[in-house]
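Shown next, in structure tokens, is the structure this report addresses.
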Amino acid sequence: MAHYITGLDIGTTKIGAIVAEVDGEALTIVGVGTSPSDGLRRGVVVNLEKTIRSIQAAISEAERMAGVPINEVYAGIAGDHIRSINGRGVVAVAGENNEISAADIRRVIDAAKAVALPIDREILHILPQEFIVDDQNGIKDPTGMAGVRLEAEVHIVTGAITSAQNIYRSIGRAEMKVLDLVLEPLASSYAVLGEDEKELGVIVMDLGGGTTDIAMFYEGCIRHTAIVGLGGKNVTNDVALGLRTPVENAESIKVNHGCAVHRDGDREETIEVPGVGGRQSRRISKAYLVDIIQPRIEEILSLAYQEIKKSNYVHLMTAGVVLTGGGSMLQGTIDLAEEIFDMPVKLGVPNGFSGLTDLAQSPIHATGVGLVHYGLQHRFDRNELLGNDENGLFKWVMNTMRKWFTALNRPA
Ligand SMILES: Nc1ncnc2c1ncn2[C@@H]1O[C@H](COP(=O)(O)OP(=O)(O)OP(=O)(O)O)[C@@H](O)[C@H]1O
Ligand SMILES: [Mg+2]
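Under the numbering used here, the residue at position 214 of the sequence shown is numbered 815, and the numbers go up by one with no gaps.
Put into structure tokens, the structure is as follows:
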């Protein structure tokens, strides 16, 4: 029987459902559903009923297209409640002859994740980065090595319990099960980044409607995550205020004519602004529109740059920035980003699948497609991983390490 994976991206401006048929490691996207979303503020569900209705609409569309029922999804989580910290655990090697055993690895991961967690937060991801045996660092799998002291470095992502609960609740009320809740920029990274880029050092930046999500990778592991509470919606609102036009008009003017930088001839080019309340429509120069848009994009990108600079890894981002999300589609955004970051910037288009490429290969679907990729690569149970089941955590660590190992031994 065919096996399917669904990614459900609960965004601030749209809810997107991506259904893929799985054949081994190959993904064929067979359903894409989108529905406008207005039950969220800056990535967080604030209106349950509206969110449930949009989820149902997006899922029904995807189900119709795919011709299969959707009962379970991988869902994204974002918002400015997300905090990520780097944890470090140290243990003395207990095995015979100082040989590092699986039990030592389990203990050191436990030690690293045993951070003081406020009662209103939950751990979303524990992402192992490296092990250190005595003074030797950069070890991906220390099993069987000899040592006295074993250290582990992990990246821990936490979120507000209530925000996670509202996502579970909305999806549950839409009669589906959540297989895993995935940090949105982490999900997007699965769709738009190559393994080689993650190895070299790269930043994925998802410029959405409500938030701009950032994740930094180096040597194949996530190193830093951050969020800026501004996105494309703020740009639209600026256009609405600046041109004194309703938000819907402002949105289409932005999408069709907007640009983040001045181009030759934009003083002469004019755009029609529809009149409201019986008023006549009027014409403005394209340059005037750029004057409204540019400062906001500049603000968003500058705040994002400040977040990037907080990481110790900023100088190691050789592959630059991959900009994705609907906001990245605004003309001129890539140019402005290169200027502000002083790094190479490219547009991140979801890849790694066949099927409905015309629909799914849009930066808007980076998170949804990424959730499907994530689902394919993490076919284990979240509860086993994060619950009290030590065996589960252990299985997960071994699983992750096995993957590293295969990657390391893969013939070039
Ligand atoms: N062609 C385009 N040109 C400019 N902007 C665009 C274009 N297409 C979409 N956008 C903008 O992208 C934003 C939506 O992006 P996206 O769908 O990635 O956000 P979201 O996932 O709903 O929100 P978030 O991730 O912040 O919760 C909107 O502000 C929209 O105006
Ligand atoms: Mg989004």
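Every residue, glycine too, gets a C-beta built ideally from N, C-alpha and C. It should be emphasised that the depicted structure is a prediction, and the values quoted were computed from it without experimental measurement.
Set against 8 angstroms, the gap from the CB of Asp639 to the closest heavy atom of ligand 2 is not smaller. Taking C-beta atoms as the reference points, Ala861 and Ile898 count as a pair closer than 9 angstroms.
Out of Ser886, Thr925, Asn913, the CA that lies nearest to the CA of Leu902 is found in Thr925. Scanning the segment 850 to 912 from its first residue to its last, the whole alpha helix (DSSP H) runs of 4-plus residues come out as 887 to 910. In this structure, ligand 2 has no non-hydrogen atom nearer than 8 angstroms to the beta-carbon of Thr744. In this structure, Thr613 lies near Leu641, with their beta-carbon atoms less than 9 angstroms apart. Per the DSSP secondary-structure output, Met806 pairs in a beta bridge with Ile815, Leu924. Between the alpha carbons of Glu870 and His966 lies a distance of about 32 angstroms.
In the assembly as shown, Leu787 is a buried residue. Its beta-carbon has 16 or more other beta-carbons within 10 Å. The continuous alpha helix (DSSP H) containing Gln978 extends over residues 967 to 978. Runs of the beta strand (DSSP E) lying entirely within the segment 653 to 718, each at least 3 residues long, are 673 to 678, 684 to 693 in chain order. When the five nearest sequence neighbours on each side are left out, the beta carbons in the same chain lying within less than 8 angstroms of the beta carbon of Ile854 are those of Val840, Leu844, Thr846, Ile872, Val874, Leu890, in order along the chain. Here the alpha carbons of Ile710 and Ile885 stand approximately 60 angstroms from one another.
Gly795 and Gly878 have their C-alpha atoms roughly 50 angstroms apart. Residue environment analysis places Thr919 among the exposed positions, since fewer than 16 neighbouring C-beta atoms fall within 10 angstroms of its C-beta.
Classified as buried, Gly949 has 16 or more neighbouring CB atoms from the shown chains inside 10 Å of its CB.
Taking 9 angstroms as the cut-off, the Cβ atoms of Leu784 and Ala761 do not count as close. Using a Cβ distance threshold of 9 angstroms, His682 and Ile727 do not count as a contacting pair. Taken atom to atom, the span from the alpha-carbon of Gly634 to that of Ala659 is near 4 angstroms.
Contact check for Gly830 against Arg643 passes: the beta carbons are separated by less than 9 angstroms. Here DSSP, grouped into helix, strand and coil, assigns Glu820 to coil. Judged by DSSP secondary structure, Lys834 falls within the alpha helix (DSSP H) whose first and last residues are 833 to 844.
Ser789 is the residue among Ile941, Asp892, Ser789, Arg864 whose C-alpha sits nearest the C-alpha of Gly677. Taking all protein chains shown into account, Gln895 has 16 or more neighbouring C-beta atoms within 10 Å of its C-beta and is therefore buried.
The Cβ atoms of Val620 and Val691 do not sit closer than 9 angstroms to each other. By the C-beta density criterion, Thr652 is buried, having at least 16 other C-beta atoms within 10 angstroms. Annotated as distal: Thr763 and Ile724, with beta-carbon spacing of 9 angstroms or more. For Asp781, no alpha helix (DSSP H) run applies; the uninterrupted beta strand (DSSP E) run containing it begins and ends at 778 to 784, by DSSP. Remark: C-beta atoms of Thr607 and Ile671 approach each other more closely than 9 angstroms. Contact annotation: Met666 and Leu972 have beta-carbon atoms that are not nearer than 9 angstroms.
For Glu754, the number of other beta carbons within 10 angstroms of its own is at least 16, and it is reported as buried.
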